[in-house]
Amino acid sequence: MYTKVAVPINASTVPGVLEQVGLGLASGAGVLEWRSDYLEGLTAELADQVIRQIQGKMGSKAELLVTCRDAREGGAKAVKLAARVAVLTRAAACGARYIDIEYVNYQKSQVKGAIDQALKEASQCRLILSAHDFDSPFEDIRALYKAMQRINPKAIAKMVFTPYHINDCFEAFDVLHTAHSDVIVLCMGQAGQMSRILAPKLGGFLTFASLDKAHSTAPGQMTVQEYRDLYRPESMTADTELFGVIADPVGHSMSPAIHNACFAKLGMNKRYLPLLVSDDFTGLTAFLDNLCARPWMHARGFSVTLPHKHNALDYTRARKGHIEPLAETIGAANTLILDPVTSRPSAYNTDYAGALDAICQGLKIDRAGLAGKRVAVAGAGGVSRAIVAGLTDAGASVCIYNRTVERGQHLAEAFGCDYAGLDALDGMAADLLVNGTSVGMSPDVETMPVPEASLHANMAVFDTVYNPLETRLLRVARARGCPVVDGLAMFVGQAMAQFKLFTGQAGDPDLMREVVITQLRGR
Ligand code: NAP
-14 MYTKVAVPIN
-4 ASTVPGVLEQ
6 VGLGLASGAG
16 VLEWRSDYLE
26 GLTAELADQV
36 IRQIQGKMGS
46 KAELLVTCRD
56 AREGGAKAVK
66 LAARVAVLTR
76 AAACGARYID
86 IEYVNYQKSQ
96 VKGAIDQALK
106 EASQCRLILS
116 AHDFDSPFED
126 IRALYKAMQR
136 INPKAIAKMV
146 FTPYHINDCF
156 EAFDVLHTAH
166 SDVIVLCMGQ
176 AGQMSRILAP
186 KLGGFLTFAS
196 LDKAHSTAPG
206 QMTVQEYRDL
216 YRPESMTADT
226 ELFGVIADPV
236 GHSMSPAIHN
246 ACFAKLGMNK
256 RYLPLLVSDD
266 FTGLTAFLDN
276 LCARPWMHAR
286 GFSVTLPHKH
296 NALDYTRARK
306 GHIEPLAETI
316 GAANTLILDP
326 VTSRPSAYNT
336 DYAGALDAIC
346 QGLKIDRAGL
356 AGKRVAVAGA
366 GGVSRAIVAG
376 LTDAGASVCI
386 YNRTVERGQH
396 LAEAFGCDYA
406 GLDALDGMAA
416 DLLVNGTSVG
426 MSPDVETMPV
436 PEASLHANMA
446 VFDTVYNPLE
456 TRLLRVARAR
466 GCPVVDGLAM
476 FVGQAMAQFK
486 LFTGQAGDPD
496 LMREVVITQL
506 RGR
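Start counting the sequence shown at -14; every next residue gets the next number (my numbering).
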């Protein structure tokens, strides 16, 4: 069964409704949901006229779903139940393909009687029975589904709730996976976004996407263009493989854009999702175990970032998986791969590899060429740690300069390096300067971690900051004749290494770079 993408039409005036219908058709949506509760002065007679105009515009290009939502379940305003039922029965008589009424109201005998009679007289029309909880998961979603089926076996059950945690979505996925009838289960908010994106894989009857951000009708609803461009719902199948970035927060991540662009270019039946996993180690463990317990989710690999880079190692150890030696030394993994048969995890760190590849490409040397190079690393945070591990592993001679000297000392001692305060950078003697601090990052774009005078033409400069693409440090260094390497090269390098781990194939670095630049411009 093919999952339809429904676009809500939620204007308050008739011309507004018709304009949105035009935009909805242009977006290629399979279903337009007219949310009649948004229309000012709504009556059954007005609904009749509007539906006829909508249908005149739509022809057979899309199907019409008419909803007049109860304010207690997210409706735009309070409309009396009898008036809402009159709108829906009129919609069925006017040729709507679907009408949607709340399960709680359908249980009332006079409502059920009127709706059932209207459906009997309009054989083209199907009923969607819906239940919404904007605050929490349903107490027992399976029981709710069964009750909906019992009251009307022909109806499409629609259950929408807000998960507290991404792990609350799995019960919903189980309902979808085991349902023997048409069903819609969606989880709201960032933690539930997976349910919206994966509806075609999991067999949901409908998923919803908005015309644009301003016309979203539920938390977490993406725009139809974003959904189409990023996630290719039309070609998703039950065996689509699942990848993603595990983080908290995750909304800002550019990784879904770059990995999905490469999957699409190579025609791979894989999708990469933003996955908001909170609650630290317990949350991460439950999430991965939930996926592994459901082989039909086809979970294959993940990027891992804050706050889970260390947790990913602990999880891999706990499940007796494989840890790349340098990831162990760094104390952080940014990539997890799950074996497709055993679900056994493997943990890697591609940050160091991305940084070393960026440096080597920029300086036109191979990794062996790093041996003996004098490198000044500004910073002692997570990124600097990965870079210092990679550089020392390659035989470079590293000195760490950090604002908080003890933190720099700690890192230096772990990898046998020298250390000093950030102010000592002024007199450094180095072949390569690496900025691993956040200094120079947007919005503080005029700051730089070293005095201008300390840069000289014999020194290469690598800035890990990639927003902006050309930091002040790189601008000044370039003007002084230094070879420069930007942070985007590292970002693309670590993503390329992940893509190889995910798929066994090479990604497209030019496409990845282009995608990140487009994303940065949109911010
Ligand atoms: P982190 O663990 O929070 O470390 C931040 C580092 O920046 C610390 O060394 C900190 O010094 C230093 N710092 C912060 N503000 C400073 C200031 N005003 N003056 C001097 N030093 C300052 O962060 P991280 O994860 O290592 O990330 C650092 C940067 O790397 C990010 O801002 C980002 O731009 C970049 N990054 C790049 C990539 C890529 O792929 N290119 C990926 C991730 C991150 P203290 O120890 O004294 O606090």
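We treat Cβ as the ideally placed atom computed from N, Cα and C, and that holds for glycine. Keep in mind that this is a model prediction, so the values were computed, not measured.
Of the other Cβ atoms in all chains shown, fewer than 16 fall within 10 Å of the Cβ of Gln490; this residue is therefore exposed.
Scanning the stretch 220 to 268 for uninterrupted alpha helix (DSSP H) segments of 4 residues or longer gives 240 to 250, listed from N- to C-terminal end. Val(-8) and Gly7 do not touch by the CB rule: their CB atoms are close to 12 Å apart, not below 8 Å.
The closest heavy atom of the ligand NAP lies 7 Å or more from the beta carbon of Arg279. Per the Cβ contact rule, the stretch 451 to 466 is not in contact with the stretch 320 to 330 (fewer than 3 Cβ pairs under 8 Å). The DSSP-derived three-state label of Leu407 is helix.
Using a 10 angstroms sphere on the CB of Ser180, the tally of other CB atoms reaches 16 or more, which defines it as buried. Annotation for Asn90: no beta strand (DSSP E) segment contains it, though the alpha helix (DSSP H) segment containing it runs 88 to 91. Within the stretch 100 to 169, the runs of beta strand (DSSP E) at least 3 residues long that lie entirely inside it are, in chain order, 111 to 118, 141 to 146. Between the stretch 239 to 254 and the stretch 291 to 298 there are fewer than three C-beta pairs closer than 8 Å, too few to call the two in contact.
For Lys62, same chain residues with a beta-carbon under 7 Å away, outside a window of 5 residues either side, are Asp22, Ala56 in chain order. Arg388 has its Cβ nearer than 7 Å to a heavy atom of the ligand NAP.
Taking 8 Å as the upper bound for CB-CB distance, Val470 and Gly347 are in contact here, some 3 Å apart. Inclusion of Leu269 and His244 in the CB contact set at 8 Å is not warranted, their separation being larger than that value. Within the model, the alpha-carbon separation for Phe447 versus Asp493 is close to 22 Å. The alpha-carbon separation between Ala67 and Ala284 amounts to approximately 47 Å. Under the DSSP assignment, Thr320 falls in the beta strand (DSSP E) whose first and last residues are 320 to 323.
Here DSSP, grouped into helix, strand and coil, assigns Asn452 to coil. About 17 Å separates the beta carbon of Thr432 from that of Val419, a gap too long to meet the 8 Å contact definition.
Counting along the chain, the unbroken beta strand (DSSP E) around Leu418 starts and ends at 417 to 420. Residue burial annotation: Asn443 is exposed, with fewer than 16 other C-beta atoms found within 10 angstroms of its C-beta. The beta carbons of Pro204 and Met173 sit about 5 Å from each other, so the pair counts as a contact at 8 Å. A check of alpha carbon separations from Thr163 across Lys139, Lys131, Asn137 identifies Lys131 as the nearest. Judged by their CB atoms, Tyr91 and Arg111 are not nearer to each other than the 8 Å cut-off. Residue range 178 to 182 is occupied by the alpha helix (DSSP H) that includes Ser180. Annotation for Glu499: the continuous alpha helix (DSSP H) segment containing it runs 494 to 506. Around the Cβ of Glu87, a 10 Å sphere holds 16 or more other Cβ atoms; the residue is buried. When only Cα atoms are considered, Ala405 and Gly366 end up about 15 Å apart.
Under the criterion of beta carbons closer than 8 Å, Gly354 and Cys345 qualify as touching, at roughly 7 Å. Taking the Cα positions, Thr(-12) is about 26 Å away from Tyr149.
In this structure, Phe476 has its CB closer than 7 Å to one or more heavy atoms of the ligand NAP.
Pro434 and Thr389 have their C-alpha atoms spaced approximately 13 Å apart. A direct Cα-Cα distance of roughly 12 Å separates Lys250 from Arg217. Comparing C-alpha distances from Gly401 to each of Leu410, Gly412, Ile385, Asp411 shows the shortest one belongs to Ile385. Between Leu171 and Val145, the C-beta gap is smaller than 8 Å, which places the two residues in contact. Rounded to the nearest angstrom, the Cβ distance from Val430 to Arg457 is 6 Å, consistent with a contact under 8 Å.
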